[in-house]
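Worksheet: the structure to be examined is printed underneath.
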Amino acid sequence: MSLKVDNTSDVAHPRARQPFNRSSTGDMARDASSPYYEEECELDDLGASNFDGPHHVSVPPKRRSTSARLPKYDDEDSDKEEVNGSKNGKRSRGHEEAASSLWQLPPADFRNFALLCLLYLLQGVPVGLAMGSVPFLLKSKLSYGQVGLFSLASYPYSMKLLWSPIVDAIYSPKIGRRKSWIIPIQTVSSIMLLWLGSHVETILENAESHLGFITFLFFTLVFLCATQDVAVDGWALTLLSHANLSYASTAQTIGLNTGYFLSFTVFLAFNSPEFANKYFRTVPLDTGLLSMRAYLTFWGWAYLFMTLALFIGKTEEKTRDTRSGKNGILDVYTSMWKIVRLSNVQLFILIHLVAKFGFQANDAVTNLKLLEKGLSKEDLALTVLIDFPFEIIFGYYAAKWSVGDRPLRPWLYAFVGRLGSALLAQLLVYCFPKSGAGPFYLLLVILVHVLGSFMSTVQFVSINAFHTQIADPAIGGTYMTTLNTVSNLGGQWPRVLVLFAVDFFTVATCELDPTMATPDQIETFIPFSCAKQADKQRCATVGGVCNMKIDGYYITNLMCVLAGGALFFFWIRRKVEYLQTLDLSKWRVEK
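Letter by letter, the sequence shown follows residues 1 to 591 of the UniProt record's numbering.
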């Protein structure tokens with residue numbers, strides 16, 4: 001029962017998923033490395049962004065033995081890059097030694113690692129709002145279908161493959177390849193956040209009439225974050241020394257998770273009047289400790305300050321310009337086309353597009369339904385807070401399980417586990433106490449949520465380990481980005497359909513309470529459907545009671561689980577077992 005934007009959202013998670021996906025938040029995702037790598041950096045093993053919900057935490061997975069196909073470096077043939085902190089200012093990449101822990105990084109690498117964490121944190125803040133907090137705040141005013149329309153705002157993270165080559169190829173040499181994008185993007189983002197800070201409460205108050213505008217604003221913010229993510233991922237390849245490049249995914253995990261966590265869990269808790277009155281006040285008030293206006297304004301100024309500091313205080317090293325301009329863009333798009341033409345890749349893409357359908361109702365609706373039933377926002381925030389350290393532990397061990405000749409075996413086991421978790425979550429919603437959630441019920445919510453997060457994290461790490469193993473080193477960045485983009489899209493496209501299905505299958509009628517209404521009112525009143533949020537409010541306005549006869553959540557979730565189970569046992573399992581046994585040559589693009 002993970003809240004993803006699966007976004008994972010496997011922000012993840014982002015990377016760290018959802019978004020509390022995913023997720024996962026949903027499974028959206030989470031990036032492990034870069035949507036577009038320079039082919040001159042023979043790193044391409046790191047992986048690419050897979051923001052399946054920003055809360056998924058992964059450890060860079062080990063690869064199969066690749067000594068036969070990875071380029072070797074020597075002092076004569078390889079480029080020598082300047083590395084701050086080295087004895088003579090230059091170090092052969094072939095003779096660097098990787099730090100065994102984060103705290104053993106050289107001073108220059110540690111400073112750049114901290115910079116990457118901060119840049120990723122800034123990206124995680126708007127993403128956490130768009131995929132986490134805002135849908136929760138909107139649900140009290142909108143129907144599930146309307147919340148589904150707002151979920152379109154998260155799509156840029158699943159589509160950045162389309163413009164990532166442009167980000168890499170077009171830049172100002174005077175400013176730097178990455179700063180040419182990061183500085184203007186963060187400037188525009190800061191302006192948008194400051195403007196939103198002064199208008200957001202008015203806009204959200206009339207959410208139904210402003211839904212299109214709200215979606216556009218957050219779509220733009222997420223688009224800017226996704227574009228910055230491309231630039232930051234690429235910059236990580238030169239900010240860190242070659243031996244310590246694996247720490248780029250660690251920085252991404254820490255930064256995105258923290259930003260997402262602040263914007264979702266922390267903000268949702270401190271924005272809740274109940275949370276503030278329960279833990280911080282002796283005299284109850286009807287407002288929280290932190291308003292959306294104050295939160296957005298703070299981060300707007302934080303963005304602007306960071307942009308100025310980056311512009312003035314950080315010089316970007318020049319990189320070889322082997323793929324800039326039109327030719328560089330065309331080369332990458334050509335590589336993408338060659339990748340998707342491989343028959344095995346086409347099969348794998350199809351699996352990615354349908355594999356997450358079985359979990360969509362659980363990931364997108366369960367937590368919203370718990371709030372609708374009466375679970376307080378502060379209790380939900382507490383659930384996510386407890387879940388967060390478990391995801392870090394799960395990610396570490398999932399990486400260990402995903403090595404060897406069957407890297408997708410944990411993914412297959414976790415697939416069944418997620419289906420079971422979705423059924424448990426549905427049972428939990430059905431058994432919600434009429435008297436409200438007590439300590440025992442809250443404990444059950446936490447346990448089911450942790451179980452769902454465990455399964456989601458295992459799937460996220462396992463699939464990314466497999467991506468890393470099969471990616472062609474010659475075009476590894478493009479290969480990884482293509483696979484992870486499709487994976488993210490597979491967790492996004494069903495969400496709108498699922499949320500609309502909840503409204504479609506819900507049967508609720510507005511009726512007058514015979515004990516409260518007069519005979520004349522009962523005689524003249526015509527019952528009407530109140531399945532949608534606007535109709536519920538109209539029902540309350542006329543003094544009626546909305547009686548739900550069929551809850552569309554139960555039907556939709558059961559349909560998703562049954563469809564996911566049928567796909568898994570009759571097709572996905574067999575095809576995945578086949579794909580993971582293929583020789584690496586079957587995944588190679590013809591030169």
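Backbone N, C-alpha and C fix where the C-beta goes; we use that ideal spot for every residue, glycine too. Keep in mind the model is a prediction, meaning the values are calculated, not measured.
Comparing the CB of residue i with every heavy atom of the ligand SAH, is any distance shorter than 7 Å?
i	result
Tyr-441	For the ligand SAH, the structure offers nothing, since it holds no ligand at all.
If we count the other Cβ atoms within 10 Å of its Cβ and call it buried at 16 or more, is residue i buried or exposed?
i	result
residue 600	Past the boundaries of the shown model lies residue 600; the chain is included only from 1 to 591, so the question cannot be answered.
residue 621	Residue 621 is absent from the structure shown; the chain starts at 1 and stops at 591.
Asp-168	buried
Lys-160	buried
Lys-278	exposed
Thr-202	exposed
Trp-103	exposed
Phe-213	exposed
Pro-494	buried
Gly-128	buried
Leu-370	buried
Gly-132	buried
Cys-117	buried
Asp-387	buried
Can you give me the Cβ contacts of residue i inside the same chain, cut-off strictly under 7 Å, excluding the 5 residues immediately before and after it?
i	result
Arg-406	Gln-580
Ala-355	Gly-490, Ile-572
Phe-504	Gly-552
Lys-532	Ser-143, Asp-503
Asn-112	Leu-239, Leu-240
Output the distance between the C-alpha atoms of residue i and residue j, rounded to the nearest integer angstrom.
i	j	result
Thr-220	Leu-193	11 Å
Ile-170	Leu-368	42 Å
Gln-228	Pro-514	59 Å
Leu-196	Met-292	9 Å
Ser-272	Glu-372	15 Å
Thr-253	Asp-233	12 Å
Thr-238	Pro-284	52 Å
Phe-264	Leu-290	13 Å
Leu-240	Asp-109	5 Å
Val-448	Val-498	21 Å
Phe-528	Met-548	12 Å
Thr-485	Glu-523	58 Å
Val-429	Ala-251	36 Å
Arg-177	Ile-329	14 Å
Leu-483	Asn-344	12 Å
Gln-360	Gly-148	12 Å
His-467	Thr-481	10 Å
Pro-439	Val-445	10 Å
Gly-417	Tyr-578	21 Å
Thr-187	Phe-570	50 Å
Met-516	Leu-427	34 Å
Ser-33	Val-230	Note that Ser-33 scores 38 on pLDDT, short of 50, meaning its location in the model is unreliable; the coordinates nonetheless yield the value given after this. If I take the Cα positions, the gap works out to 9 Å.
Leu-382	Ala-534	30 Å
Ile-175	Ala-465	35 Å
His-199	Asp-363	30 Å
Lys-377	Leu-268	7 Å
Ser-585	Leu-342	11 Å
Ser-421	Pro-173	51 Å
Lys-434	Asp-286	24 Å
Gln-146	Phe-261	24 Å
In chain order, what residues of the same chain have a beta carbon less than 6 Å from the beta carbon of residue i, not counting five sequence neighbours either side?
i	result
Leu-419	Gly-358, Val-561, Gly-564, Gly-565
Ser-335	Ile-475, Thr-478
Trp-299	Val-125, Leu-193
Cys-41	The pLDDT assigned to Cys-41 is 40, lower than 50, so where the model puts this residue is not dependable; a value taken from the coordinates is nonetheless given after this. Around Cys-41: Leu-237.
Leu-121	Gly-255, Thr-258, Gly-259
Cys-530	Ala-508, Cys-510, Lys-536, Cys-539, Cys-546
Leu-304	Ser-190
Phe-218	Ala-130, Ala-153
Trp-411	Gln-459, Ser-462, Ile-463
Ala-226	Pro-156, Tyr-157, Lys-160
residue 592	Within the shown structure, residues of the chain are numbered from 1 to 591, placing residue 592 beyond reach of any answer.
Ala-471	Tyr-479, Met-480
Phe-525	Leu-512
Give me the Cβ distance between residue i and residue j, rounded to the nearest whole Å; I'm assuming they're in contact under 8 Å.
i	j	result
Val-545	Glu-511	6 Å
Ile-183	Thr-315	So it is not a contact: roughly 13 Å between Cβ atoms.
Leu-375	Ala-276	Actually they are not in contact, since the Cβ atoms of Leu-375 and Ala-276 sit about 17 Å apart, beyond 8 Å.
Lys-575	Ile-351	6 Å
Val-450	Phe-500	Going by Cβ atoms, the distance from Val-450 to Phe-500 rounds to 29 Å, so no, they are not a contact pair.
So, is the C-beta of residue i closer than 8 Å to a C-beta in chain C?
i	result
Leu-353	Looking for chain C here will not work: only one protein chain is present.
Using a Cβ-Cβ cut-off of 8 Å (strictly less than) and excluding sequence neighbours within five positions of residue i, which residues of its own chain qualify?
i	result
Ala-294	Gly-197
| query | Which runs of the alpha helix (DSSP H), 4 residues or longer, sit entirely within the region 155–219? | reply | 156–159, 164–169, 179–205
| Curious, which full-length beta strand (DSSP E) runs of at least 3 residues does the region 486–531 contain? | 507–512
| query | If you scan the region 291–323 from start to end, which runs of the alpha helix (DSSP H) of 4 or more residues do you find wholly inside it? | reply | 292–313
| query | What alpha helix (DSSP H) runs, 4 residues minimum, are completely inside the region 376–461? | reply | 377–401, 409–430
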